[in-house]
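*Asks:* Just so we're aligned: the first sequence equals residues 1 to 202 in full-length UniProt numbering.
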Amino acid sequence: METRKKILEVARDQFSRYGVRTVTMEEIARMVGISKKTIYQEFLDKKDLVTEVFKEILEEDRKKMVHILEQEDGVIDHLVKMSQMMRERLSSINPMVIMEIQKYFPEAWKMFEEFKQQAIKADLINVMEKGKRLGYFREEIDTSILAKVRMDQITSAFDPANFANPEYNFVEEQLVLMDHFLHGIFTEKGRLAYHSQKAFQN
DNA sequence: TACCGG
DNA sequence: GCCGGT
1 METRKKILEV
11 ARDQFSRYGV
21 RTVTMEEIAR
31 MVGISKKTIY
41 QEFLDKKDLV
51 TEVFKEILEE
61 DRKKMVHILE
71 QEDGVIDHLV
81 KMSQMMRERL
91 SSINPMVIME
101 IQKYFPEAWK
111 MFEEFKQQAI
121 KADLINVMEK
131 GKRLGYFREE
141 IDTSILAKVR
151 MDQITSAFDP
161 ANFANPEYNF
171 VEEQLVLMDH
181 FLHGIFTEKG
191 RLAYHSQKAF
201 QN
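(1) In this structure, how does DSSP classify F112 when only helix, strand and coil are distinguished?
(2) According to the Cβ coordinates, are F133 and F181 closer than 9 Å?
(3) Suppose contacts are defined by Cβ-Cβ distances below 9 Å. Is M128 in contact with F137 by that definition?
(4) Does the structure place the stretch 106 to 113 close enough to the stretch 139 to 147 that three or more beta carbon pairs sit under 8 Å?
(5) Just to confirm the assignment, what range does the alpha helix (DSSP H) spanning L177 have?
(6) Please report the distance separating the alpha-carbon of Q153 from that of M86.
(7) Roughly how many angstroms lie between the CA atoms of E52 and R89, to the nearest whole one?
(8) Return the first residue and the last residue of the alpha helix (DSSP H) that V23 is part of.
(9) Could you round the C-beta distance between T3 and E42 to whole angstroms and report it? I think they count as a contact, below 8 Å.
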């Protein structure tokens, strides 16, 4: 396999297990079976490596989102699946890693912010417009504003302030928020479709 | 692998 | 003293 790929693979695995700061460039080099010099031939510095690993993860999520959108013509199903995907992503990453990246690798974090803005918000606007046309969501809702509100709800789980609180259960909070958000935009048809689907899933 | 500097 | 970078 390509050296660059191996480095990214090992780095990603180590970073998500132990954090970005505790894993050294030397450890990564040793695990790949190369010298540090080879890493620095592929990556400018550690910051660059972290950014590239993060970029890979975001690209996977973006592909998943496109896949869900292509696969599902059910608007409600789509929103539920998106929420599921975000929860899975969150529970797969050590919260410490998220905090470290925000603090010590702001460039990588900026990428995530842009990803939120573009991919997630655009997807939400699309799905809400579709839901309007199909009569699941009320005609008068402002999809642009609500897409931002919903995006902020989804990404609130990434706020380091939340991790400090041991009482905080982001999975439960995400489920409650999604339910509340949907009931704010549903028509009666949408509400009934949602509840029959929920009953079907359980 | 040894080394410097933050 | 550790670790990124040379």
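The beta-carbon is built from N, C-alpha and C at its ideal position, and this holds for glycine as well.
Given the structure is predicted, the values throughout are model-derived calculations rather than measurements.
*Replies:* Put simply:
(1) Here residue 112 refers to the residue found at position 112 when the first sequence is read from its first residue. Three-state DSSP puts F112 in a helix.
(2) Residue 133 sits at position 133 when you count from the first residue of the first sequence. Residue 181 sits at position 181 when you count from the first residue of the first sequence. The identity of residue 133 in the sequence shown is Arg, whereas the question assumes Phe. It is not a contact, given that the beta carbons lie outside the stated cut-off.
(3) Residue 128 sits at position 128 when you count from the first residue of the first sequence. Residue 137 sits at position 137 when you count from the first residue of the first sequence. Yes, these two residues count as a Cβ contact at 9 Å.
(4) no
(5) Stepping through the first sequence from its first residue, residue 177 is reached at position 177. Element bounds for L177: F170 to I185.
(6) Numbered from 1 along the first sequence, position 153 holds the residue referred to as residue 153. Numbered from 1 along the first sequence, position 86 holds the residue referred to as residue 86. If I take the Cα positions, the gap works out to 11 Å.
(7) Translated into the one-based positions of the first sequence, residue 52 becomes position 52. Translated into the one-based positions of the first sequence, residue 89 becomes position 89. Computed Cα separation, rounded: 17 Å.
(8) Here the question's residue 23 lines up with position 23 in the first sequence. Note, V23: premise wrong, no alpha helix (DSSP H); not H, not E.
(9) Start at 1 with the first residue of the first sequence, and residue 3 comes out as number 3. Start at 1 with the first residue of the first sequence, and residue 42 comes out as number 42. Right, their Cβ atoms sit about 7 Å apart.
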